[in-house]
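Heads up, the thing below is written out as structure tokens.
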Amino acid sequence: MNQKRDMQLLVLIIIIGYLINFILGFVGACFETNSYLQILLWQIGDTGGITASILASRYVGAKGFHLSAASFNMLGIVYGISFGSFSFTQLNADKMATLLIPMIPAALLVSLCKLFPFWTRMLAVLICIPFFIMYVNIISGTYQSTNWINYVSFSGIQLLGLIWSYYIYKDYKRSLQVV
């Protein structure tokens, strides 16, 4: 496969992965809490997030933003922690809480990437706030799976994935015009 086609597929899979993550996150939220179908949809969505994040790392790194590329690898780990916090019938909230730890440096490093506008880079940092609140709820024993902060946290990071996809696509299209 030639490099042009390879890069085209890379960008397409990033978009599809973050789109799957976003759509299945919302669809999964419509099902009964901790039902098999909800968990399955969220795990498939997390798989899309893992895939898109790792490939976004490759794209951003190829553009010379190596610290931000590392952040997308860390974000892939965050999605992996989310994926691994589910069993077939329930969410392990303690395990879920640990995703905040790699999310903070990931968010800080992605904020250095000049491929994205300033406002999206700041959103990446700000999304840590609802995740931190969720973390505090878990360690204080007040966590409830239906708490609104959970929806803000996850829908926020999923929306950011779509935004990053858009700007990666836009950069890719711009690079085709330069050639």
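Just so you know, we're using my numbering here: the sequence shown kicks off at 1 and counts up by one. Backbone N, C-alpha and C fix where the C-beta goes; we use that ideal spot for every residue, glycine too. On a predicted model such as this, the values are computed, not experimentally measured, just so you know.
Residue range of the alpha helix (DSSP H) that includes residue i
i, result
"Y143", "Premise fails: Y143 is in no alpha helix (DSSP H) and is neither H nor E."
"L109", "100-110"
"N73", "66-84"
"N21", "3-29"
"F118", "118-126"
"S57", "36-62"
"K95", "93-97"
With 16 other Cβ atoms within 10 Å as the buried cut-off, status of residue i
i, result
"Q3", "exposed"
"T89", "exposed"
"S153", "buried"
"G64", "exposed"
"T142", "exposed"
"S140", "exposed"
"V178", "exposed"
"L176", "exposed"
"S53", "buried"
"S165", "buried"
Proximal residues to residue i (C-beta, below 8 Å), its chain only, five neighbours per side dropped
i, result
"L91", "N34, I39, S85, S145"
"F31", "L37, Q38, L41"
"M122", "S111"
"L160", "T120, L123, A124, I127"
"P105", "S71, M74"
"Y167", "L115, F116, P117, T120"
is_contact[residue i, chain C] using C-beta, thresh 8 Å
i, result
"M7", "Among the protein chains of the structure shown there is no chain C, as only one such chain exists."
Cβ shell of residue i (< 6 Å), same chain only, five flanking positions each side left out
i, result
"T120", "I163"
"F83", "Q43, D46"
"I50", "G76, Y79, G80"
"D94", "none"
"S57", "A69, F72, N73"
Close beta carbons around residue i, own chain, < 7 Å, minus the five adjacent residues each side
i, result
"I157", "I127"
"I77", "P102"
"L108", "V125"
message: Would you call the segment 41-53 in contact with the segment 17-26, where contact means no fewer than 3 C-beta pairs closer than 8 Å?
response: yes
- prompt: For the segment 4-18 against the segment 122-140, are there 3 or more C-beta pairs whose distance is under 8 Å?
  reply: no
Touching by the beta-carbon criterion (3+ pairs, under 8 Å), the segment 101-116 and the segment 67-84: yes
field: Uninterrupted alpha helix (DSSP H) stretches inside the segment 147-178 (no shorter than 4 residues)
entry: 148-178
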